[in-house]
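Reviewing the structure listed below.
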Amino acid sequence: MNMAATAFGLRTRLGTAIAVAALLLPLAARADFHIRSPDEIDQGEIEIEHNGSATIDRNPAKAGETSYTTEFGYGVNSWWHPEFELDFGRDAGPGATTQFQGVTWENTFMLTEPGEYWADLGLYWEYSYSLLRGTPDDTLFGPLIQKDIGHTTHTLNLFLSKEIGPNQDVRGVDFSYAWQSRWNVYQLASPAVEIYGDAGRAAPFAKFQNQQALAGPVLVGSVLLGKLGKLKYEAGYLFGATRATASGTVRWRLEWEMHF
Amino acid sequence: MRNLMLAAACLLLAGPAGPVLAEDQPHLTIKNHRFQPERLEVPAGVKFKLMVKNEDDTAEEFESFELNREKIVPPGQEIPVFLGPLDKGEYKFFGDFHQDTAQGVLIAK
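So the sequence lines, in the order shown, correspond to chains S and C.
The end of the first sequence is residue 274 by the working numbering, with every number in the run present.
The end of the second sequence is residue 110 by the working numbering, with every number in the run present.
What follows is the structure, given as structure tokens:
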């Protein structure tokens, strides 16, 4: 592949992603404890994934919020990976019940080959359709940036989101971010640190103490299953950094991938 | 929104300049679910493009935890894997779909 072909491929991918984003504006918000890498796209690979989180806090009003998702994804080609997600969850506070909250269509676009430029770049877009009465749909979009430095990998997600429909709680665009720094020690288990934040409605932002912000350690690893594919996991504990955030959140992720 | 898109593109295209890509492109071939050669010397201290060609009629995944790479190589196709700059040393890689036979080592010198 020569440089001209590489540049053409990049422009084509960037153009496609921008066109998709432009068609799907405006955007919407949604909390999700999962760092998205621009490099995790494998052509012809099927993924089944479960993400979960649960909040812990002495204040009952902030405790017991849970989120469970089950996702089915497929690597359509070398740069597009769509996933279909079922969303279950429970609001914080006593008396709340776990509900089937909605379905989400997720799309990850890889714009650069891993290691080709100073940093790897991807784009992410999702649309969540709410199944709960009085709850809006939402859509979320933003860049995925990743950089390897020695035996460490650093990933940044920046998202804008917007609620859609007549039941919007937040008018305007919401800004959220996520960061992971991972030390690649062993394939079975590598330590990482993660930061998640939701600044709320963009411009002007709320005071930091009124924003959602969490940080904490995570263990990341994968198990090779030979012809049965690969099992990946993540598990961590995130400490609340503001008074608006629960004092602790347990998060986990399990993913099975298989090539067909 | 367009400003965000523009900023993201600029971060990539106008960001800090990385190491210059080495002119030599090392080549690996996958045949009969084995890498050829199984030990390949690559330049240390520079960024390079490893070309991986799959001559089998089934897909393979070039994978290396040490190099932090996972790339599908469709049957009959050749793909680039951008690597480096690597410290001097040995870096194991394998074919994820035929781990019993597809094993290899990059030797950075």
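The beta-carbon is built from N, C-alpha and C at its ideal position, and this holds for glycine as well.
Source: prediction; values computed, not measured.
- Non-local C-beta neighbours of G179/S in its own chain, meaning closer than 7 Å and more than five positions away in sequence, comprise P150 and D151, ordered along the chain.
- A60/C and H273/S do touch by the CB rule: their CB atoms are close to 6 Å apart, below 8 Å.
- Taking the CA atoms as reference points, E127/S sits about 14 Å from L68/C.
- Of all alpha-carbon atoms in G186/S, K176/S and Q160/S, the one lying nearest the alpha-carbon of Q194/S is that of Q160/S.
- Under the Cβ criterion of 7 Å, E208/S is not counted among the residues facing chain C.
- Counting the other CB atoms within 10 Å of its CB gives K241/S a total below 16, which places it among the exposed residues.
- Counting along the chain, the unbroken beta strand (DSSP E) around P157/S starts and ends at D151 to I163.
- Considering only E79/C, S65/C, V47/C and E24/C, the residue with the shortest C-alpha distance to K32/C is E79/C.
- Residue range Q113 to M124 is occupied by the beta strand (DSSP E) that includes T122/S.
- Among the residues of the segment 118-146 of chain S, those with a Cβ less than 9 Å away from any Cβ of chain C are L125, T126, E127, P128, G129, E130, Y131, W132, A133, D134, L135 and L137, in the order of the chain.
- Runs of the beta strand (DSSP E) lying entirely within the segment 37-103 of chain C and spanning at least 3 residues, in chain order: 40-43, 49-55, 61-65, 70-74, 79-84 and 90-96.
- When only Cα atoms are considered, A216/S and F189/S end up about 6 Å apart.
- In the displayed model, N198/S falls within coil according to three-state DSSP, outside both helix and strand.
- Listed along the chain, the chain S residues whose CB falls inside 8 Å of the CB of Q100/C are L238 and G240.
- Boundaries cannot be given for R147/S, as no beta strand (DSSP E) includes it and DSSP labels it neither H nor E.
- With distances taken between CA atoms, T263/S lies nearest to A68/S out of V199/S, A68/S and V207/S.
- Its chain contains A23 as the residues whose beta carbon lies nearer than 6 Å to that of P44/C, once the 5 sequence neighbours on both sides are disregarded; these appear in chain order.
- Taking the C-beta atoms as reference points, H28/C is found no nearer than 7 Å to T102/C.
- In the structure shown, N171/S falls within a strand segment according to DSSP collapsed to helix, strand and coil.
- Any Cβ of chain C closer than 7 Å to the Cβ of D162/S would place that residue at the interface, and such an atom is present.
- Of all residues in the segment 55-68 of chain S, the ones placed with a Cβ closer than 8 Å to any Cβ belonging to chain C are D56, Q57, G58 and E59, in chain order.
- At a Cβ-Cβ threshold of 7 Å, A255/S and A229/S count as neighbours.
- Taking a beta-carbon distance threshold of 7 Å, N69/C counts as an interface residue toward chain S.
- A straight-line Cα-Cα distance of about 27 Å links T167/S and Q225/S.
- Taking S142/S as reference, the option from E85/S, A133/S, T153/S and G136/S with the minimal CA-CA separation is T153/S.
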